[in-house]
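Residue numbers (UniProt numbering): 1 to 702.
First comes the structure, then the notes that go with it.
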Amino acid sequence: MKAIATVKLTAGEKLGCIDLSRVIDGFVDLFRGNLYMEFVSTELDQPSGLEKTVAVNAHKTSKDGEDVQYEASFTLPSDFGEIGGVLVLNENQKEIFLKDIVISTDNTVDENFSVITCNSWVQAKSISSEKRIFFTNKSYLPSSTPSGLQRLRSKDLEEKRGDGHGERKAHERIYDYDTYNDLGNPDSNEDLARPILGGSKQFPYPRRCRTGRPPSHKDPLSESKGSSIYVPRDEAFSEVKSLTFNGKTLTSVLHAIIPAVNSALIDINIGFKNFTDIDELYDQGFKVPDNLHGPKALLHRLCNSIKDTADDVLQFEIPSLIKKDKFSWIRDEEFARQTLAGVNPYAIELVKELPLISKLDPIIYGPPESAITEEIIEREINGEMTASEAVQRKRLFMLDYHDLFLPFVHKVRELQGTTLYGSRTLFFLKSNNTLTPIAIELTRPLSPQNSQWKQVFTPSSDATQNWLWRFAKAHVCAHDSGYHELISHWLRTHGSVEPYIIAGNRQLSVIHPIYRLLHPHFRYTMEINALARKYLISGGGIIEASFSTLKYSMELSSVAYDQLWRFDREGLPADLIKRGMAEKDSEAEHGLRLAISDYPFAADGLLIWSAISDWVSSYVAHYYPQPSTVSDDVELQSFWTEVRTRGHADKKDEPWWPNLTDSTVLADVLTTIIWVASAHHAAVNFGQYDYGALATRERLHL
């Protein structure tokens with residue numbers, strides 16, 4: 001037999017923008033050691049009951065670009081049985097990224113070969129003397145695991161769980177839970193202290209990966225800051241991620257660009273003087289400040305171009321929306337269209353009854369009735385029908401940012417450089433099946449000094465009233481932008497997904513078929529989330545600097561998790577039904593009839609949802625032909641229990657959690673998880689620059 005192990009040469013080094021061709025030979029000396037491999041049979045030795053193994057030392061034989069190959073020849077006893085896995089010990093000086101091990105029976109690799117896919121970091125023997133197990137590509141439920149692999153399957157899971165103690169080190173691959181107790185930085189500045197999210201009734205939240213960093217000096221319940229944030233080693237960015245970004249590259253860019261943009265673009269207390277100033281950012285660019293000269297090559301990856309002139313001009317790409325129609329953002333038609341096909345298609349909902357009534361305590365916030373009356377509605381739809389008929393015929397829709405935002409209004413208004421209202425925006429579905437906005441209500445709640453204030457703004461041909469209408473739209477856009485980033489995007493597709501990843505790695509073996517189904521959809525999420533905790537959602541971070549709620553942004557996200565997040569409504573069909581944007585119809589495509597047929601996100605999304613559902617259902621049925629195979633799968637049940645009781649511990653007692661009793665329920669749960677991590681995330685993530693890079697800034701500087 002012959003085994004060829006392929007190792008990525010750049011393992012252990014994140015080289016960022018360095019030209020690999022210039023340094024690759026310098027790393028060869030780090031990989032002069034052997035790879036110790038111990039092939040494991042699927043069968044136990046009958047007389048002794050011990051695992052049957054064959055050990056071999058693989059030596060480096062060739063280098064092809066970034067790949068180094070290690071080769072070994074060995075002989076298997078006639079009674080060895082099938083190879084089920086291989087134990088690996090790295091005898092090099094550095095960690096390696098082990099891509100795969102190909103096992104063949106001839107001198108050349110032909111049809112008689114098998115591949116053990118590894119794609120994992122293996123630490124140097126000097127760091128960890130434990131042998132790593134890599135299984136073959138066959139999947140096994142716990143009950144069908146061959147006897148020769150059972151102990152190794154359990155041992156691998158135990159190692160990934162850790163013991164819950166100590167500070168995690170960068171080379172480890174331990175998955176554990178903690179609260180969001182690392183968002184603030186009280187040791188640096190008391191103004192950067194932030195509440196702990198998760199573990200309390202006041203601020204419930206999903207859990208994140210435990211790092212074990214020591215507590216801060218000024219707040220023992222909060223975690224101290226460090227130069228980096230731990231993620232399990234295999235969750236870290238690869239050396240080439242999309243546009244060859246890796247963790248260090250992104251970190252360098254964030255360090256450099258944020259203060260530079262703040263100082264180079266505008267005085268935040270003045271804003272842009274006119275639209276021409278905004279246009280010049282894209283047409284002419286701006287001079288790169290001195291403190292950006294070092295990472296200029298990194299910035300080139302983020303920006304359309306850095307002009308090759310002595311002035312070092314940084315130029316941003318024109319958002320595609322503005323390329324097509326420079327002033328589309330100011331039109332009511334585009335304002336309405338983006339609720340269905342923009343970057344946040346998750347907020348629009350059907351108006352099911354009038355009058356609109358707040359659920360907040362009227363003693364604290366003032367009268368609950370909306371100021372948008374039936375008379376206003378009928379006037380704005382030109383008497384086409386009564387308001388009651390519009391509700392009955394499902395022609396009224398709404399963006400409701402009233403009850404969620406109103407409790408934050410007073411404390412946000414105490415901060416400098418921002419303001420806040422609660423808002424409701426009403427839309428009418430015209431006979432041509434397009435939405436048009438007809439009324440916006442802005443509300444300021446009751447306070448000890450002032451009574452409740454609320455006012456309704458409507459489109460108008462009067463110049464003054466028209467600009468007031470545009471100002472009202474700007475406030476709604478600010479609310480929608482915050483809701484999109486903090487809830488539709490971060491909370492639902494990042495924060496709430498991390499517990500699935502942690503629980504999956506702690507409770508599902510890598511040879512479990514459900515682990516192999518879910519794993520590709522979780523790639524890089526934990527590393528992105530860690531970077532977000534450091535730079536985006538942390539106290540004083542980019543999120544707080546970008547949205548109206550400022551330092552209370554993550555508190556708003558916590559309130560939304562408490563009031564709005566339910567696993568059983570995270571799938572697309574359930575979400576659409578909850579918002580009244582679809583209803584069940586056995587004769588309609590996908591079994592749903594949309595309230596608005598021209599709803600691109602929903603129409604396209606249901607095609608993707610159905611494809612995922614069909615694939616997952618077939619996959620699950622293959623491995624779980626009987627309901628008992630689901631209920632008897634100890635790893636699967638432990639995974640789902642841990643998602644509920646630890647990953648989402650603040651909602652562990654909610655009655656809506658599905659029970660994994662049969663393959664139908666399991667398939668729906670897995671489809672939901674995959675949908676959220678893939679298509680849902682894509683819908684709210686990839687259009688951010690095109691919809692937000694210029695339009696939102698113009699709206700807010702009217």
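Positions of the beta carbon are idealized from the N, C-alpha and C atoms, including for glycine.
Determine the direct distance from the alpha carbon of residue j to that of residue i, and round the result to whole angstroms.
i, j, result
"Leu606", "Met385", "32 angstroms"
"Leu550", "Lys169", "33 angstroms"
"Ile348", "Thr339", "6 angstroms"
"Ala182", "Leu564", "The sequence given here has Asp at residue 182, not Ala. Approximately 24 angstroms between the Cα atoms of the pair."
"residue 764", "Pro146", "For the chain, the structure presents residues 1 to 702; residue 764 sits outside this window and is missing."
"Ile116", "Gln69", "14 angstroms"
"Ser610", "Arg210", "35 angstroms"
"Thr136", "Pro142", "15 angstroms"
"Leu442", "Gln465", "15 angstroms"
"Gln455", "Tyr346", "26 angstroms"
"Ser496", "Glu82", "40 angstroms"
"Val56", "Met37", "5 angstroms"
"residue 703", "Leu636", "Residue 703 cannot be examined here, being either before or after the span of the chain that is shown, 1 to 702."
"Glu190", "Ser216", "12 angstroms"
"Leu556", "Tyr599", "28 angstroms"
"Arg213", "Arg516", "31 angstroms"
"Asp614", "His590", "11 angstroms"
"Glu380", "Glu334", "18 angstroms"
"Lys584", "Lys578", "11 angstroms"
"Ala595", "Phe405", "27 angstroms"
"Tyr561", "Leu486", "10 angstroms"
"Glu51", "Glu43", "7 angstroms"
Should residue i go down as buried or exposed, given a rule of 16 or more other Cβ atoms within 10 Å for buried?
i, result
"Ile229", "buried"
"Leu399", "buried"
"Arg413", "exposed"
"Asn92", "buried"
"Lys651", "buried"
"Pro520", "exposed"
"Thr179", "buried"
"Val343", "buried"
"Trp469", "buried"
"Cys223", "One point to set straight first is that residue 223 is Glu, not Cys, in the sequence displayed. Its Cβ being crowded by 16 or more others within 10 Å, Glu223 is buried."
"His680", "buried"
"Phe686", "exposed"
"Pro513", "buried"
"Ala463", "exposed"
What do you reckon, is the C-beta of residue i under 7 angstroms from a heavy atom of the ligand GTP?
i, result
"Tyr619", "Ligands displayed in this structure: none; no statement on the ligand GTP is therefore possible."
For residue i, collect the residues of the same chain with a Cβ closer than 7 angstroms to its Cβ; drop the 5 residues on either side in sequence, then sort them by chain order.
i, result
"Ser638", "Gln507"
"Ile133", "Gly85, Leu87, Leu152, Asp156"
"Val409", "Leu420, Tyr421, Gly422, Arg444, Pro445"
"Gly294", "Unreliable positioning characterises Gly294 in this predicted model, as indicated by a pLDDT of 45, which lies under 50. The coordinate reading is nonetheless provided below. Correct list: empty, nothing qualifies."
"Trp640", "Leu660"
"Asp568", "Ala574, Trp656, Pro658"
"Phe39", "Thr53, Val54, Ile83, Val86"
What are the residues that DSSP puts in a beta bridge with residue i?
i, result
"Asn90", "Leu35, Ala124"
"Gly422", "Thr443"
"Val7", "Val68, Leu98"
"His402", "Note: His402 sits in no beta bridge, so no partner."
"Phe457", "Ile440"
"His59", "Glu71"
"Thr664", "The partner list for Thr664 (beta bridge, DSSP) is empty, contrary to what the question assumes."
"Ser114", "Ile103"
"Asp178", "Arg208"
"Phe134", "Val86"
"Thr53", "Val40"
"Pro215", "Glu223"
Spatial neighbours of residue i within its chain, please: CB distance less than 8 angstroms, with the 5 preceding and 5 following residues excluded, ordered by chain position.
i, result
"Pro232", "Lys160, Glu172, Arg173, Ile174, Tyr175, Cys209, Asn505, Met526"
"Thr75", "Met1, Val54"
"Lys352", "Val391, Gly580"
"Ser548", "Val412, Thr418, Thr419, Leu420, Ala478, His479, Gly482"
What does a CB cutoff of less than 6 angstroms around residue i pick up in its chain, not counting 5 residues either side in sequence?
i, result
"Asp219", "Pro186"
"Asp403", "Ser358, Lys359, Leu360"
"Tyr401", "Ser423, His479"
"Ala503", "Phe639, Glu642, Val643, Gly647"
"Pro206", "Gly495, Ser496, Pro499, His648"
Discussion item. Could you tell me which whole beta strand (DSSP E) segments of length 3 or greater appear in the UniProt region "Disordered" (143 to 171)?
Written reply: none
Item to complete: Identify every run of the alpha helix (DSSP H) within the segment 348 to 402, keeping only runs that are complete inside it and at least 4 residues long; order them along the chain.
Response: 362 to 365, 374 to 380, 387 to 392
Fill in: alpha helix (DSSP H) runs contained entirely in the segment 532 to 615, provided each spans 4 or more residues
542 to 546, 553 to 564, 572 to 578
Discussion item. Report the start-end ranges of each alpha helix (DSSP H) in the segment 485 to 541 that is 4 residues or longer and not cut off at the edges.
Written reply: Runs found: 498 to 507, 513 to 518, 525 to 531.
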